[in-house]
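Let me begin by presenting the structure, written as structure tokens, before commenting on it.
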Amino acid sequence: MRFPQYFLLLLNLFICIYANDVYQVFDSLDDLPDGWEELSTEVDPSTSLELEISLTKQNEAEFEENLINMSTPGHPSYGNFMEQSDIDAMLKPSEANFAAVENWLQSQGLKNSSFVIDEDSIAFNTTISQAESLLQTKYRVFRYNRTDVTAISALNYSLPLGVASAVELIDGVIDFPKISRTQKRRASQPAKRNPTPLKKRATTTTAEFCATITPSCLATVYNYQNYTPPAAPNNRIGIMSYLSDTGPETAQYSDLILYLQKYAPDKADRLFTCIKFPKHKGKCTQIADPDGTCEANNEDCPNEEANLDLQTAAGIVYPYETWFFDFGNLSYNKSFKRLLKRKNNNLPQVISSSWGGRERGRTIRTSRSICNKIMQLGARGRTVIVASGDNGFGDKCLHKGKYRFLPDVLASCPYITAVGGTKWDKTTQTEVTWKTSGGGFSNYFVRPKYQKQAVRNYLRGPGAADAANNAPYFNRSGRAYPDVAAFAKDASIFNDATEISLDGTSFAAPIFASLITLLNGIRLSEGKKPLGFLNPWLYNTVAPGGGFNDITVGRTIGCRASPKISAGFNAAPGWDPETGLGTPNFAVMRALMP
1 MRFPQYFLLL LNLFICIYAN DVYQVFDSLD DLPDGWEELS TEVDPSTSLE
51 LEISLTKQNE AEFEENLINM STPGHPSYGN FMEQSDIDAM LKPSEANFAA
101 VENWLQSQGL KNSSFVIDED SIAFNTTISQ AESLLQTKYR VFRYNRTDVT
151 AISALNYSLP LGVASAVELI DGVIDFPKIS RTQKRRASQP AKRNPTPLKK
201 RATTTTAEFC ATITPSCLAT VYNYQNYTPP AAPNNRIGIM SYLSDTGPET
251 AQYSDLILYL QKYAPDKADR LFTCIKFPKH KGKCTQIADP DGTCEANNED
301 CPNEEANLDL QTAAGIVYPY ETWFFDFGNL SYNKSFKRLL KRKNNNLPQV
351 ISSSWGGRER GRTIRTSRSI CNKIMQLGAR GRTVIVASGD NGFGDKCLHK
401 GKYRFLPDVL ASCPYITAVG GTKWDKTTQT EVTWKTSGGG FSNYFVRPKY
451 QKQAVRNYLR GPGAADAANN APYFNRSGRA YPDVAAFAKD ASIFNDATEI
501 SLDGTSFAAP IFASLITLLN GIRLSEGKKP LGFLNPWLYN TVAPGGGFND
551 ITVGRTIGCR ASPKISAGFN AAPGWDPETG LGTPNFAVMR ALMP
């Protein structure tokens with residue numbers, strides 16, 4: 001039977017109208033991020049906000065394969081990094097996707113002239129009222145840990161059926177401030193404003209150097225104490241920082257000088273460059289308050305997190321540059337996009353982040369969108385190092401009525417190198433597992449090929465009993481982390497002109513990132529390209545070649561706040577979910593560089 005032409009036209013028109021009028025839930029948050037509670041459903045409808053719609057990209061599977069190939073020593077494509085313009089061309093969303101989203105926005109009363117159209121996104125300013133209508137959602141006010149810190153966010157949003165396939169994510173809808181890694185202030189002593197630089201000690205025993213973890217201890221344990229970096233003027237490390245739930249994360253130049261004068265006097269003239277977003281330029285030249293006090297949420301106040309990251313890196317990478325990226329309250333998506341916008345000569349070869357949060361506190365679409373941007377950084381020859389977290393396999397593990405370990409993101413992204421934590425055992429004079437070091441198995445990302453064998457060896461070997469006991473609590477096929485480890489306990493730094501001791505993988509991440517910066521210095525001085533995305537090299541070359549100190553003593557637990565279970569994993573030879581492949585042996589890693 002043949003249908004009249006007009007009937008087919010009416011049918012097509014009906015389908016188009018249906019596709020743009022019928023909405024379905026596109027993204028939703030299963031659970032609030034740790035520490036957040038709903039405060040009010042009343043939000044000023046005139047409140048302004050920016051929405052950025054990231055469009056579905058093309059050729060992502062091929063692009064991922066290219067990244068692995070260019071990051072695997074011995075492959076013909078190793079080191080053939082890409083320019084951002086070539087990446088954009090390869091991943092650029094189809095014209096049909098752009099058209100679908102633009103037509104939908106215009107049908108909702110938004111003018112094309114208000115759009116900021118990028119290579120893969122459409123951004124525009126709107127109000128709470130307009131956003132709620134556009135996305136069929138409801139914004140609410142949330143509060144963090146009964147403090148004055150609040151956030152305006154939705155918990156889900158919907159899109160028309162005819163638009164959903166064209167969209168990867170809408171940034172600015174489900175949005176909570178970032179959480180820095182928990183540090184513990186354990187002891188402090190006031191510091192002199194201009195202490196006399198210490199002379200280098202005659203002894204190099206780890207017993208003396210590692211009572212607290214200082215640059216001398218790190219150099220001894222990680223085997224670079226006699227190393228002199230070659231000249232490589234454009235070699236840099238970048239430290240990421242944000243406006244957190246507790247206020248600004250501000251690194252202090254004056255505290256850096258105090259730290260270097262005491263622990264690395266040969267580096268005491270070390271400066272750092274601070275780049276503020278969205279202004280893009282600025283210098284972190286704040287000084288500690290003369291009276292030693294500092295009001296909360298004052299941007300001139302020092303912050304332990306920022307000072308820990310900066311001082312750790314600057315104490316290792318000299319004479320190379322340390323850049324401090326102050327992203328303010330930008331989302332992870334926007335901050336990594338800002339990095340991608342920078343030219344190669346203005347983008348550090350190594351980027352270290354001590355920030356993250358539970359996967360369940362961030363939607364899977366958001367996590368994947370962030371991770372895809374990190375993948376692009378890898379394709380440009382950049383190394384992204386991330387702290388694995390400080391709560392073992394999870395703290396409050398009850399989720400939707402079931403007990404589950406709580407994986408961490410950004411640490412679970414397959415395109416970063418996640419750094420777990422160790423501590424110094426003063427009795428045995430060796431590194432052992434730091435029991436609250438973050439680790440686990442992702443619920444959002446499948447296990448990448450580069451680590452399958454190493455993780456399989458653990459789960460079927462020394463970790464088999466724990467894997468069986470913990471079977472209800474973790475995703476056995478998920479991306480496993482951490483990849484490596486470094487000291488996470490007893491870090492000595494200066495904060496507000498006072499010497500303090502801190503714990504956290506916020507210490508471990510910049511340690512490992514700094515050693516990669518030293519390795520890059522060698523490559524750049526020889527006219528080679530930087531190491532880029534590390535993990536294929538770490539798993540396939542460095543670990544088999546003895547480039548790691550294998551940590552085999554210790555146990556990390558999970559769900560400590562859950563009364564019904566107390567589960568975990570033991571450290572073991574080879575990869576384990578406490579310390580990954582182990583801690584770095586710089587001299588051996590140097591010899592194993594491609």
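Quick note on the numbering used here: the sequence shown kicks off at 1 and runs consecutively. For each residue, glycine too, the CB sits at the ideal point set by N, CA and C. As the structure is a computational prediction, the values presented were derived from the model and not from experiment.
From the options, residue whose alpha carbon lies closest to that of residue i
| i | options | result |
| --- | --- | --- |
| Ser353 | Ala508, Asn103, Gly582, Pro448 | Ala508 |
| Asn457 | Thr505, Thr427, Pro577 | Pro577 |
| Gln451 | Val484, Gly438, Trp424, Tyr473 | Val484 |
| Leu377 | Asp88, Tyr253, Gly554, Ser241 | Asp88 |
| Asn570 | Lys528, Ala468, Tyr539, Ile516 | Ala468 |
| Glu321 | Arg236, Arg382, Leu260 | Arg236 |
| Thr147 | Phe115, Cys210, Gly35, Asp171 | Gly35 |
| Leu581 | Ala543, Gly568, Gly558, Pro93 | Ala543 |
| Pro93 | Thr137, Thr150, Val167 | Val167 |
| Tyr157 | Ala131, Thr433, Ser335 | Ala131 |
| Ile174 | Arg360, Val350, Met82 | Arg360 |
| Lys343 | Met82, Pro472, Asp266, Ser48 | Met82 |
| His232 | Leu105, Ile522, Ala480, Lys373 | In the sequence on display, residue 232 carries Ala and not His. Per the Cα distances, Ile522. |
| Leu271 | Gln252, Ser412, Tyr263 | Gln252 |
| Thr250 | Ala264, Thr214, Leu308 | Leu308 |
| Ile170 | Thr366, Glu526, Val25 | Thr366 |
| Gly568 | Thr433, Tyr259, Leu538, Leu49 | Thr433 |
Per-residue burial, residue i [other beta carbons within 10 Å of its own, 16 or more giving buried]
| i | result |
| --- | --- |
| Ala296 | At Ala296, the pLDDT of 38 sits below 50, so the modelled position is not reliable; the number obtained from the coordinates is stated separately. Flag for Ala296 reads exposed. |
| Val446 | exposed |
| Glu305 | buried |
| Gly478 | buried |
| Gly109 | exposed |
| Gly545 | exposed |
| Thr583 | buried |
| Pro290 | Because the pLDDT at Pro290 is just 35, under 50, the model does not fix this residue reliably, and the value given afterwards should be weighed accordingly. It is exposed - the Cβ of Pro290 has fewer than 16 other Cβ atoms within 10 Å. |
| Ala379 | buried |
| Val22 | exposed |
| Arg460 | exposed |
| Asp503 | buried |
| Glu52 | buried |
| Val221 | buried |
| Glu499 | buried |
| Pro76 | exposed |
| Thr72 | buried |
| Lys57 | buried |
| Lys334 | buried |
| Asp490 | buried |
| Glu65 | exposed |
| Ser114 | exposed |
| Asp86 | exposed |
| Glu42 | exposed |
| Gly527 | exposed |
Terminal residues of the beta strand (DSSP E) in which residue i lies
| i | result |
| --- | --- |
| Tyr415 | Tyr415 -> no beta strand (DSSP E), and no H or E assigned at all. |
| Cys371 | Per DSSP, Cys371 belongs to no beta strand (DSSP E); it is in the alpha helix (DSSP H), 364-379. |
| Trp355 | 355-358 |
| Glu50 | 48-55 |
Nearest-angstrom beta carbon gap, residue j and residue i [assumed within contact, 8 Å]
| i | j | result |
| --- | --- | --- |
| Val141 | Ser28 | Not confirmed; about 19 Å, so no contact. |
| Leu519 | Arg590 | 6 Å |
| Phe324 | Ser241 | 6 Å |
| Ser388 | Thr505 | 5 Å |
| Phe548 | Asn585 | 6 Å |
| Ile239 | Ala313 | 6 Å |
Residues sharing a beta bridge with residue i, DSSP
| i | result |
| --- | --- |
| Lys584 | Looking at the sequence itself, residue 584 is Pro, so the reference to Lys does not match. Pro584 pairs with Phe548. |
| Phe507 | The partner list for Phe507 (beta bridge, DSSP) is empty, contrary to what the question assumes. |
| Lys423 | Val432 |
| Gln130 | Bridge partners of Gln130: none, in fact. |
| Pro160 | Tyr23 |
| Gly642 | Past the edges of the chain, shown from 1 to 594, lies residue 642, and the structure says nothing about it. |
Limits of the unbroken alpha helix (DSSP H) element including residue i
| i | result |
| --- | --- |
| Cys210 | That residue, Cys210, is in no alpha helix (DSSP H); it is neither H nor E in DSSP. |
| Phe63 | 60-70 |
| Met240 | Element bounds for Met240: not the alpha helix (DSSP H) but the beta strand (DSSP E), 236-241. |
| Val221 | 215-221 |
| Arg555 | Unbroken run through Arg555 is the beta strand (DSSP E), 555-558; no alpha helix (DSSP H). |
| Glu37 | That residue, Glu37, is in no alpha helix (DSSP H); its beta strand (DSSP E) goes 36-40. |
| Thr312 | 304-317 |
| Tyr332 | 332-341 |
| Leu258 | 253-263 |
| Tyr458 | 449-460 |
Neighbour flag for residue i against chain C, beta carbons, 9 Å
| i | result |
| --- | --- |
| Ala61 | Considering every chain present, this structure includes no chain C. It has just one protein chain. |
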